[in-house]
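>
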Amino acid sequence: MRRLPHVTWLRSFEAAARHCSFSSAAEELNLTPAAVSQQIRLLEQHLDIQLFRRLAKGVELTDLGLAYAVPVRKSFQEMQAATDGLFRDQQKSVIRLRCSISFAALIVAPLLRDFCALHPQIEVELSTTVWADRMNGAHIDLDIRYGEGGWTERHIHPMPVDSAVIVCHPDYAATLGQTPIEAVLAKAAIVQIGGSETDWDRLFQICGFHGPRPAHWIRADSSLIALQILSAGHGCAIISKSFARRHLEDGRLVAPFDLEIPMGANFKLVEHDDAAGRADVKTLVDWLLRQTL
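Count along the sequence shown from 1, add 7, and you get the number used in this note's numbering.
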């Protein structure tokens, strides 16, 4: 295996190949044109190939030089990206926020641009899970969970979402009619969201229906997946208006009935005990709690 060339030679080669000029490369690297020319000559001797054709006015890459410039440039770009990513500006603080995949994709992610614009000194790392339950050691600073509580963390803030409605595709809504009828809903193609099985029982109670819960057509582990299924045109599901808002506003989906189902539980913003005293965490917590969900 051929020994790798010195990185200084490769840096001069990459710059000269990009500019097609030893002088421009020298200016970029804060070297003299003679130094760049010498480093490239040493590289050519090491590889035993000619990388540039020296012309009366400037230089141009040979075919082998052009082929070699591509992976060399890519290698420098990858090293730059790794350096920027791993050794970022230490003046920035990082907050690790975790929430359910539906809450992250449908509520938090669209809001983060505004937060980052207001607080450029704070970087938010957003991660997801289908069901958030406990913090994972020091890897999470904030957690948005669904449930009744009973967790051990000391700082827990209500973060309620809107009541739920029946949601479906406009074409499928035509099969349901304009008012909820027990016989129709009992035969509907239900998209059942995991963890929300009692929603249909509560819907039937609100409507005064006495039949059993409708059998589901398909199960989904999150509101996000359920919305994707419904967008294909078939089935209906009970989903919080906060999650379905954008689908309803742009007409991809509709709520066929003027009927709301209160949430069985709701969301809480939970602070990791080790992060609760941090000023940056308080900034994000206060901002999140001010948002209209």
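Glycine included, each C-beta is placed from N, C-alpha and C at the ideal position.
(1) Can you check whether the C-beta of C214 is within less than 9 Å of a C-beta belonging to chain B?
(2) In angstroms, rounded to a whole number, what distance separates the CA positions of Q46 and P12?
(3) Along the chain, where does the alpha helix (DSSP H) that runs through T136 open and close?
(4) What does the alpha-carbon distance come out to for the pair G157 and I245?
(5) According to DSSP, simplified to helix, strand and coil, what is R285?
(6) Could you check where the alpha helix (DSSP H) with W16 kicks off and where it finishes?
(7) Mind checking whether S31 and A42 have CB atoms under 9 Å apart?
(8) Can you tell which of K99, E267, G258 and Y153 has the C-alpha that lies nearest to the C-alpha of I129?
(9) Contact defined as beta carbons within less than 8 Å: I believe R152 pairs with F274. What is the distance between those atoms, to the nearest angstrom?
(10) Could you have a look at G154 and say whether DSSP puts it in helix, strand or coil?
(11) Out of L237, A190 and D208, which one is the CA nearest neighbour of V174?
(12) If you check the beta carbons only, do S249 and S107 fall under 9 Å apart?
(13) On the DSSP bridge assignment, give the partners of Q199 in chain order.
(14) Closest to D257 by C-alpha separation, out of A282, R220, S82 and P177, would be which residue?
(15) Where P219 and D208 are concerned, what is the direct C-alpha to C-alpha distance, given to the nearest angstrom?
(16) Leaving out five residues before and five after D280 in sequence, what residues of the same chain have Cβ atoms less than 8 Å from its Cβ?
(17) Quickly, what does DSSP pair I100 with across the bridge? List them, please.
(18) Nearest-angstrom Cα distance between W16 and L50?
(19) Measuring CA to CA, which of V168, Q87, S28 and R285 is closest to L62?
(20) Looking at the unbroken alpha helix (DSSP H) that takes in F274, where does it start and where does it end?
(21) Starting from I47, trace the alpha helix (DSSP H) both ways and give me its first and last residue.
(22) Given a cut-off of 9 Å on the beta-carbon distance, is the pair A171 and I268 in contact?
(23) Assuming contact is defined by CB atoms lying nearer than 9 Å, are A233 and V191 in contact in what I supplied?
(24) For R60, name the three-state secondary structure that DSSP assigns.
(25) Please return the same chain residues whose Cβ sits closer than 8 Å to the Cβ of Q57, not counting the five positions on each side in sequence.
(26) Run through the DSSP bridge pairs and tell me what L149 is partnered with.
(27) Does the distance from the CB of F264 to the CB of Q212 come in under 9 Å?
(28) Considering only the alpha carbon of each residue, which of A24, L133 and W224 lies closest to G65?
With the structure as the only source:
(1) Included in the structure is just one protein chain, with no chain B present.
(2) Each residue's Cα considered, the two are about 10 Å apart.
(3) Where T136 is concerned, there is no enclosing alpha helix (DSSP H), although the beta strand (DSSP E) it sits in stretches over I129 to T136.
(4) Those two C-alpha atoms are separated by around 26 Å.
(5) Coil, per DSSP.
(6) From DSSP, the alpha helix (DSSP H) with W16 extends over V14 to H26.
(7) With respect to A42, S31 sits apart: the two C-beta atoms are not nearer than 9 Å.
(8) Comparing Cα positions, the closest option is K99.
(9) Their Cβ separation, rounded to whole angstroms, is 7 Å, which keeps R152 and F274 in contact under 8 Å.
(10) Three-state DSSP puts G154 in a strand.
(11) The shortest Cα separation from V174 among L237, A190 and D208 belongs to L237.
(12) It is not a contact, given that the beta carbons lie outside the stated cut-off.
(13) In the DSSP output, where bridge partners are listed per residue, Q199 has R226.
(14) The shortest C-alpha to C-alpha distance from D257 to any of A282, R220, S82 and P177 is the one to P177.
(15) Approximately 8 Å, taken between the alpha carbons.
(16) Closer than 8 Å at the Cβ level, and outside the excluded window around D280, lie E160, R161 and H162.
(17) First, the residue type needs correcting, since residue 100 is Ser and not Ile in the sequence shown. Answer by DSSP bridge pairing, in chain order: I129.
(18) When rounded, the distance between both Cα atoms is 6 Å.
(19) Considering only alpha carbons, the answer is S28.
(20) Where F274 is concerned, there is no enclosing alpha helix (DSSP H), although the beta strand (DSSP E) it sits in stretches over N273 to E278.
(21) Segment P40 to L54, the alpha helix (DSSP H) holding I47.
(22) Cβ distance < 9 Å, so A171 and I268 count as in contact.
(23) The criterion of a C-beta distance shorter than 9 Å is not satisfied by A233 and V191.
(24) In the structure shown, R60 sits in a strand (DSSP, three-state: E or B).
(25) Cβ within range, chain order: E51, T69, L71 and G72.
(26) DSSP links L149 through a beta bridge to L104 and E278.
(27) No, the pair does not count as a contact, with Cβ atoms beyond the cut-off.
(28) Nearest of A24, L133 and W224 to G65, Cα basis: A24.
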